[in-house]
Amino acid sequence: MKTISVNVSEPVYEDFMEHAQRTDRTAAELIREAMELFRSQRIRPRTSLAGLKPLNLGKTLRPLTSRDDLLGEMLK
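Take 279 as the starting number for the sequence shown in the numbering used here and just add one per residue.
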């Protein structure tokens with residue numbers, strides 16, 4: 279782990295310290311968790327395939343056969 283120094287306002291620091299005491303955790307744990315949440319939501323958001331819109335790539339080149347179906351293998 280990399281050690282860093284961060285300057286924060288007194289009210290923010292007090293809020294973190296109070297919450298850390300209430301939840302029996304360290305302020306460092308809370309800050310690491312907050313940084314990871316920010317990273318996952320803003321810096322490296324993960325997109326779901328379910329949220330993508332389908333694309334029209336033109337006409338079908340040939341009918342699908344049972345050998346073309348990968349869905350069964352993907353869901354195993």
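C-beta: ideal position from N, C-alpha, C; glycine also.
For clarity, every value in this text was computed on a predicted model and none was experimentally measured.
{"Asked": "Three-state secondary structure (DSSP) of R317", "Found": "helix"}
{"Asked": "contact_flag[the region 325-333, the region 291-309] where n(CB pairs < 8 angstroms) is 3 or more", "Found": "no"}
{"Asked": "Alpha helix (DSSP H) runs contained entirely in the region 287-347, provided each spans 4 or more residues", "Found": "288-300 and 305-316"}
{"Asked": "Span separating the alpha-carbon of F294 from that of R303", "Found": "10 angstroms"}
{"Asked": "Rounded separation between L342 and G329 - CA only", "Found": "25 angstroms"}
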